[in-house]
Every structure is written in C-alpha cells, then in structure tokens.
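A.B. asks:
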Amino acid sequence: MFQTKPLTPSQIKIIEDSVPILEHLDLRLGDKFYKRVLRKHAELRPYFNETNNKLLRQPRAFSYFLLMYARNIRDLTPLQHTLNRIISRHIGLQVKPEHYPILGEILIDTMDDLFPPQMVDKEFKETWTIAYGNLANLLINAEKIEYSKKPWDGFKEFVVTRFTLECCDTKSFYITPVDGSAIPKPERGQYLCMRWHLPNETLEKTRVYSISEFPLENEYKLTVRYIPGGQVSSYIHNELKVGDSVFAGPPCGDCYYNSSEKDMVVLAGGNGIAALMPVVEAGLQECRNVKLLYSNRSTESRAFGKLLKQYKEIYGSRFKVIEFLSRGFVVDPIDKFHRRSLTLEDLDFITPENDVYLIGPRSYMKMVEDYLNEKKIQVKMDYYGPQEVGEYF
Numbered sequence: 031m032f033q034t035k036p037l038t039p040s041q042i043k044i045i046e047d048s049v050p051i052l053e054h055l056d057l058r059l060g061d062k063f064y065k066r067v068l069r070k071h072a073e074l075r076p077y078f079n080e081t082n083n084k085l086l087r088q089p090r091a092f093s094y095f096l097l098m099y100a101r102n103i104r105d106l107t108p109l110q111h112t113l114n115r116i117i118s119r120h121i122g123l124q125v126k127p128e129h130y131p132i133l134g135e136i137l138i139d140t141m142d143d144l145f146p147p148q149m150v151d152k153e154f155k156e157t158w159t160i161a162y163g164n165l166a167n168l169l170i171n172a173e174k175i176e177y178s179k180k181p182w183d184g185f186k187e188f189v190v191t192r193f194t195l196e197c198c199d200t201k202s203f204y205i206t207p208v209d210g211s212a213i214p215k216p217e218r219g220q221y222l223c224m225r226w227h228l229p230n231e232t233l234e235k236t237r238v239y240s241i242s243e244f245p246l247e248n249e250y251k252l253t254v255r256y257i258p259g260g261q262v263s264s265y266i267h268n269e270l271k272v273g274d275s276v277f278a279g280p281p282c283g284d285c286y287y288n289s290s291e292k293d294m295v296v297l298a299g300g301n302g303i304a305a306l307m308p309v310v311e312a313g314l315q316e317c318r319n320v321k322l323l324y325s326n327r328s329t330e331s332r333a334f335g336k337l338l339k340q341y342k343e344i345y346g347s348r349f350k351v352i353e354f355l356s357r358g359f360v361v362d363p364i365d366k367f368h369r370r371s372l373t374l375e376d377l378d379f380i381t382p383e384n385d386v387y388l389i390g391p392r393s394y395m396k397m398v399e400d401y402l403n404e405k406k407i408q409v410k411m412d413y414y415g416p417q418e419v420g421e422y423f
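Under the numbering used here, the first residue of the sequence shown carries the number 31, and numbering increases by one thereafter.
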C-alpha cells in the first residue's frame with residue numbers, strides 16, 4: 031500500500047520549512063482536515079467521537095502531532111511514546127490499512143488550501159505525500175503486529191447479562207460472548223471499544239468503556255456514567271436491557287497494573303475510578319500499601335463507595351482513602367475526606383519511589399500529570415480519546 035522511501039536533503043528541508051506554517055495555523059489545519067474527512071467519507075464517522083471534534087480536541091491533537099512530526103523528521107525517536115499511544119488507540123478503534131490512503135489524500139488537499147500558494151508546488155506535494163506514506167507505513171506495520179496478538183478481529187457480538195447501580199448516575203453492565211466462547215482475561219486497567227447502533231440513527235457510534243472488575247466468570251463488567259445529552263450513555267442508562275446484543279473490540283489500553291514492591295498512589299477523578307478498581311484490588315491482594323485519592327462532586331455521585339469501604343475493612347492500614355468532595359454534604363465517608371477539590375499541595379507526598387496511577391477528567395489529569403512530571407515522577411495514565419496537548423503552539 032505504501033512503500034517507505036528515504037527523504038532527500040531537499041525534501042527534508044521542505045518538511046522543516048513547513049514548521050513555521052504549521053505553528054501559525056495552530057489547530058485550523060486539524061479542524062479543516064476532520065471536517066473534510068467527515069463530509070466526504072461518512073463511513074469513517076464511527077471512528078470519531080463527536081464531542082472530541084466539537085471541542086476541537088481531535089483537531090488540536092492531530093495538528094500538534096503533525097507539527098511534532100515535521101520538527102522531528104530527521105529522527106522520530108522523541109515521538110515514540112506518542113506513536114505508541116496512537117497505535118494503541120487505533121487498535122481499540124479497529125483502524126485498518128485501507129483508511130490511511132483516504133486520510134493522506136485529504137491531508138494534502140487541506141495543506142493545499144491553507145499553506146501559502148507559492149509554497150505548495152509539485153515538489154511540496156510529492157514530499158509531503160512521501161512523508162505521510164512513511165508515517166502511515168510505520169503505523170500500519172506496528173498495528174499489524176498488535177492486531178496479531180489480539181484474540182479477535184473487529185467488533186464481536188456480546189449479550190448483556192445483568193446490571194448493577196454503582197451510584198446515582200453511574201451504572202455497570204455485564205456482557206458475555208453470544209457464541210459462548212471464553213473471554214480472554216484483560217490486563218487490569220484496560221477498556222473495551224464498543225460500537226453502538228442506536229435507534230433512529232443511521233451511523234454507528236464508537237465509545238470506550240473501562241473494564242471495572244477483573245473477570246471471575248465469563249463476563250466483562252463495564253461502567254458508564256450518565257451524561258445529560260449524551261446519546262450513548264442515555265441509551266445505556268434508559269433503554270439497554272438484559273438480552274440485548276452489543277458489539278465490542280478486544281481489550282485495549284496502556285494504563286494497566288504492573289506488579290511491584292513499591293507503595294501505590296492511585297488518583298481517580300469521577301468515573302476514572304472504574305478503570306482503577308481492578309488496579310487497586312490487585313495492589314491490595316499483593317500485600318502492597320495503596321493510597322487512593324478519589325475526587326467527586328459529592329458522596330451521592332461516588333461510584334464503588336460500598337466496595338471501597340469493604341476493602342478498607344479487609345485491608346486496614348494498608349489501604350488509605352482520601353476523598354475530595356467539591357459540593358454537597360459528606361455522607362458515609364470511606365476513610366478521610368476533604369470538602370474541596372484536589373490541589374497540587376495534596377500531591378507533595380508523592381515521590382519517584384511510588385507507583386502512580388491516574389485516570390479522570392482531562393483537566394484533572396493534565397494538572398496532576400504536569401505537576402508530577404516536574405518532580406520527575408512517572409505516571410501510568412490513559413486519556414480516553416485524543417491526548418491532551420495543552421498550549422504547544
């Protein structure tokens with residue numbers, strides 16, 4: 031499909047000369063690119079979350095990555111971490127090789143529209159076509175290896191077996207394969223990417239849901255917070271029922287549990303606790319000290335409160351919970367609590383000797399990640415969607 035071709039010195043200069051233009055365009059290139067993709071290729075819409083596009087998260091992430099690619103065209107080593115995240119996300123979404131030529135053509139057309147006319151000549155287009163092809167080939171080959179490790183290809187049919195209510199606005203549902211096959215055990219902290227064909231909707235929608243319990247039976251447990259106006263979360267909370275068919279890709283995700291003797295610090299914001307519950311459980315079962323910093327609006331919106339209290343009773347001083355509740359009265363606290371939001375001062379006790387896990391709302395994760403990175407503390411984390419890139423332009 032693509033052949034990797036080394037860029038000539040003059041072609042490398044063309045890519046590097048594109049950097050100031052990409053910086054000036056900011057997210058406009060990504061915004062126009064995605065609007066064109068979705069307008070011309072409706073069949074690709076299920077691969078993109080509407081909210082991420084409306085809030086310009088996806089366009090910003092794409093624009094920033096293209097800028098970083100151009101800046102590092104001589105050596106992509108600094109991009110390896112980001113490339114690994116992209117590959118993992120593509121595997122979850124089930125992105126296929128045949129999608130890359132479509133996106134490459136639209137990228138060149140978008141650059142033709144936005145770059146200075148005197149810059150976009152035949153050599154410019156040929157150079158960026160080769161550069162894109164090299165990148166696409168890198169991703170396709172890496173994704174092929176990862177796909178070969180997965181237990182199934184595409185979106186497999188499951189059936190809903192039961193529901194549990196975790197708190198006032200959060201519900202879990204369990205699914206098992208329709209064909210009766212055994213489910214592969216996920217890593218603790220992984221998720222399933224699911225395709226939904228909603229009533230009165232022509233196109234499918236794709237959503238990611240955390241596996242919130244390590245499977246003991248042949249079921250995956252997935253936890254969903256109700257979002258007012260959210261099409262899929264509303265459907266799950268109000269219409270999905272036992273016996274319904276749903277479709278899911280294989281377990282994916284980079285933020286999963288690793289055994290260690292280090293003390294664990296787990297930072298969960300809101301429904302981020304869902305992915306981290308199996309992580310907390312594993313650490314406690316392996317006799318590690320676990321400190322959970324758990325942020326919510328109120329105790330009413332606190333998912334898994336009952337189970338966390340059970341863990342506290344079972345594991346005693348090895349399990350410490352500090353809750354941060356931004357509103358409402360504190361009812362039935364798990365352990366210690368503050369009636370306020372988490373602040374950076376609350377993180378001062380964390381050192382590089384801790385094993386740190388982090389999942390929550392995007393702004394929450396960005397605040398914690400930036401602070402801990404300044405202290406040279408590694409964080410295991412996962413953004414469910416385009417990675418937050420901040421203000422890099």
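Every residue gets a Cβ at the ideal spot worked out from N, C-alpha and C, and that includes glycine.
Going by alpha carbons, who is nearest to V276 out of F359, L306, A312, T236?
C.D. replies: Here residue 276 refers to the residue found at position 246 when the sequence shown is read from its first residue. For the residues F359, L306, A312, T236, the minimum Cα distance to V276 belongs to T236.
A.B. asks: Report back the beta-carbon spacing between L372 and Y401 to the nearest angstrom; my notes put them in contact at under 8 Å.
C.D. replies: Taking the sequence shown and counting its residues from 1, one reaches residue 372 at position 342. Taking the sequence shown and counting its residues from 1, one reaches residue 401 at position 371. So it is not a contact: roughly 11 Å between Cβ atoms.
A.B. asks: Could you give the distance in angstroms between the alpha-carbon of L233 and the alpha-carbon of L74?
C.D. replies: Within the sequence shown, numbered from 1, the residue matching residue 233 stands at position 203. Within the sequence shown, numbered from 1, the residue matching residue 74 stands at position 44. Looking at the two C-alpha atoms, the distance is approximately 10 Å.
A.B. asks: Per the contact definition of three or more C-beta pairs closer than 8 Å, is the region 265-275 in contact with the region 200-213?
C.D. replies: Touching, yes.
A.B. asks: Quick check: what's the CA-CA separation for C317 versus S240?
C.D. replies: Translated into positions along the sequence shown, residue 317 becomes position 287. Translated into positions along the sequence shown, residue 240 becomes position 210. So the alpha carbons of these two residues sit roughly 24 Å apart.
A.B. asks: Taking the alpha-carbon positions, what's the E343 to E187 distance?
C.D. replies: Within the sequence shown, the letter at position 313 stands for residue 343. Within the sequence shown, the letter at position 157 stands for residue 187. Between E343 and E187, the C-alpha separation is close to 39 Å.
A.B. asks: If the criterion is Cβ atoms closer than 8 Å, does the pair C223 and S331 meet it?
C.D. replies: For this step, residue 223 is matched to residue 193 along the sequence shown. For this step, residue 331 is matched to residue 301 along the sequence shown. Cβ atoms of C223 and S331: not closer than 8 Å.
A.B. asks: Would DSSP call G210 helix, strand or coil?
C.D. replies: Numbered from 1 along the sequence shown, position 180 holds the residue referred to as residue 210. Annotated three-state conformation of G210 is coil, per DSSP.
A.B. asks: Between L388 and Y250, what straight-line distance do the alpha-carbon atoms span, to the nearest angstrom?
C.D. replies: On the sequence shown, residue 388 is found 358 positions in, with the first residue counted as 1. On the sequence shown, residue 250 is found 220 positions in, with the first residue counted as 1. Between L388 and Y250, the C-alpha separation is close to 22 Å.
A.B. asks: Mind checking T194: buried by the 16 CB within 10 Å criterion, or exposed?
C.D. replies: Walking along the sequence shown from the start, residue 194 turns up at place 164. With fewer than 16 other Cβ atoms from the protein chains shown falling within 10 Å of its own Cβ, T194 counts as exposed.
A.B. asks: Please state if the CB of L57 and the CB of L86 are separated by a distance shorter than 8 Å.
C.D. replies: To locate residue 86, count along the sequence shown from 1; it is residue 56. To locate residue 57, count along the sequence shown from 1; it is residue 27. With contacts defined by Cβ atoms closer than 8 Å, L86 and L57 form a contacting pair.
A.B. asks: Less than 8 Å between the CB atoms is what I'm expecting for P36 and Y64, so what's the real figure, rounded?
C.D. replies: As a working mapping, residue 36 is identified with position 6 in the sequence shown. As a working mapping, residue 64 is identified with position 34 in the sequence shown. About 30 Å; that fails the 8 Å criterion.
A.B. asks: Taking 8 Å as the cut-off, decide whether the C-beta atoms of N424 and I213 are in contact.
C.D. replies: Shown here, the chain extends from 31 to 423; a query on residue 424 therefore has no answer.
A.B. asks: Along the chain, where does the alpha helix (DSSP H) that runs through D385 open and close?
C.D. replies: Start at 1 with the first residue of the sequence shown, and residue 385 comes out as number 355. Counting along the chain, D385 falls outside any alpha helix (DSSP H), though it belongs to the beta strand (DSSP E) covering 385-389.
A.B. asks: Residues in the same chain with beta-carbon distance under 8 Å from G335, minus the five sequence neighbours each way, listed in chain order, please.
C.D. replies: Within the sequence shown, the letter at position 305 stands for residue 335. Taken in chain order, the residues that qualify are C197, T329, D362, I364.
A.B. asks: Taking the beta strand (DSSP E) that N326 belongs to, which residues open and close that run?
C.D. replies: As a first step, residue 326 is located in the sequence shown; it is residue number 296 there, counting from the start. 320-326 is the span of the beta strand (DSSP E), which, as asked, contains N326.
A.B. asks: Do T157 and Q41 have their C-beta atoms within less than 8 Å of each other?
C.D. replies: Walking along the sequence shown from the start, residue 157 turns up at place 127. Walking along the sequence shown from the start, residue 41 turns up at place 11. It is a contact, given that the beta carbons lie within the stated cut-off.
A.B. asks: In three-state terms, what does DSSP make of I205?
C.D. replies: Position 175 of the sequence shown, counted from the first residue, corresponds to residue 205. I205 falls in the strand class under three-state DSSP.
A.B. asks: Tell whether a beta-carbon distance below 8 Å holds between H368 and F379.
C.D. replies: Reading the sequence shown from its first residue, position 338 is the one you call residue 368. Reading the sequence shown from its first residue, position 349 is the one you call residue 379. No. Outside cutoff.
A.B. asks: Is E247 helix, strand or coil when you go by DSSP?
C.D. replies: Taking the first residue of the sequence shown as 1, we reach residue 247 at position 217. The DSSP-derived three-state label of E247 is coil.
A.B. asks: Which stretch, first to last residue, makes up the beta strand (DSSP E) that contains R101?
C.D. replies: Counted from its first residue, the sequence shown places residue 101 at position 71. No beta strand (DSSP E) contains R101, which is instead part of the alpha helix (DSSP H) from 87-101.
A.B. asks: Measuring straight from C-alpha to C-alpha, what distance separates A72 and L59?
C.D. replies: For this step, residue 72 is matched to residue 42 along the sequence shown. For this step, residue 59 is matched to residue 29 along the sequence shown. Rounded to the nearest angstrom, the two C-alpha atoms are 20 Å apart.
A.B. asks: Start and end of the beta strand (DSSP E) containing K406?
C.D. replies: To locate residue 406, count along the sequence shown from 1; it is residue 376. Neither: K406 is in no beta strand (DSSP E) and is coded neither H nor E.
A.B. asks: What would DSSP say about S263, mapped onto helix, strand or coil?
C.D. replies: Counting from one through the sequence shown, the residue named residue 263 turns up at place 233. Helix.
A.B. asks: Considering only the beta carbon of each residue, do V125 and R218 sit closer than 8 Å?
C.D. replies: Start at 1 with the first residue of the sequence shown, and residue 125 comes out as number 95. Start at 1 with the first residue of the sequence shown, and residue 218 comes out as number 188. No; because the gap between Cβ atoms is not below 8 Å, this pair is not in contact.
A.B. asks: Express the C-alpha separation of P280 and F423 in angstroms, rounding to a whole number.
C.D. replies: As a position in the sequence shown, residue 423 is number 393, starting the count at 1. As a position in the sequence shown, residue 280 is number 250, starting the count at 1. For F423, the predicted structure reports a pLDDT of 31, less than 50, and the residue's modelled location is therefore unreliable. A value from the coordinates is still provided. Going by the C-alpha atoms only, they are around 36 Å apart.
A.B. asks: Counting C-beta neighbours from all protein chains within 10 Å, is the total for D412 16 or more, i.e. buried, or is it exposed?
C.D. replies: As a first step, residue 412 is located in the sequence shown; it is residue number 382 there, counting from the start. Buried, by the Cβ-count rule.
A.B. asks: Using C-beta distances below 7 Å, list every residue in its chain close to S356, excluding the 5 sequence neighbours before and after it, in chain order.
C.D. replies: Taking the sequence shown and counting its residues from 1, one reaches residue 356 at position 326. Here the set comprises R327, R370, S371.
A.B. asks: Kindly identify the DSSP beta-bridge partner or partners of M411.
C.D. replies: Here residue 411 corresponds to residue number 381 of the sequence shown, with the count starting at 1. Answer is L388.
A.B. asks: For the beta strand (DSSP E) holding F185, just list the boundary residues, first then last.
C.D. replies: The count along the sequence shown starts at 1 and reaches residue 185 at position 155. Per DSSP, F185 belongs to no beta strand (DSSP E) and is neither H nor E.
A.B. asks: Assuming contact is defined by CB atoms lying nearer than 8 Å, are P382 and K406 in contact in what I supplied?
C.D. replies: For the purposes of this step, residue 382 is taken as the residue at position 352 of the sequence shown. For the purposes of this step, residue 406 is taken as the residue at position 376 of the sequence shown. Yes, the Cβ-Cβ distance between P382 and K406 is below 8 Å.
A.B. asks: Quick one: what does DSSP say Y256 is sitting in, helix, strand or coil?
C.D. replies: To locate residue 256, count along the sequence shown from 1; it is residue 226. Three-state result, Y256: coil.
A.B. asks: By the DSSP assignment, the beta strand (DSSP E) with E353 in it spans what residues?
C.D. replies: The residue you call residue 353 lines up with position 323 of the sequence shown. From DSSP, the beta strand (DSSP E) with E353 extends over 349-355.
A.B. asks: Drop a sphere of 10 angstroms on the beta-carbon of E404, count the other beta-carbons inside from all chains shown, and report buried for 16 or more, exposed for fewer.
C.D. replies: Walking along the sequence shown from the start, residue 404 turns up at place 374. Classification of E404: exposed, given that the 10 Å Cβ count is below 16.
A.B. asks: From which residue to which residue does the alpha helix (DSSP H) around R119 run?
C.D. replies: Within the sequence shown, residue 119 is the residue found at index 89, counting from 1. Taken as a continuous stretch (DSSP letters only), the alpha helix (DSSP H) holding R119 covers 110-123.
A.B. asks: CB-CB under 7 Å to Q220, same chain, minus the five flanking residues each way: which ones, in chain order?
C.D. replies: Numbered from 1 along the sequence shown, position 190 holds the residue referred to as residue 220. I241, P281, C282, G283, Y286, listed in sequence order.
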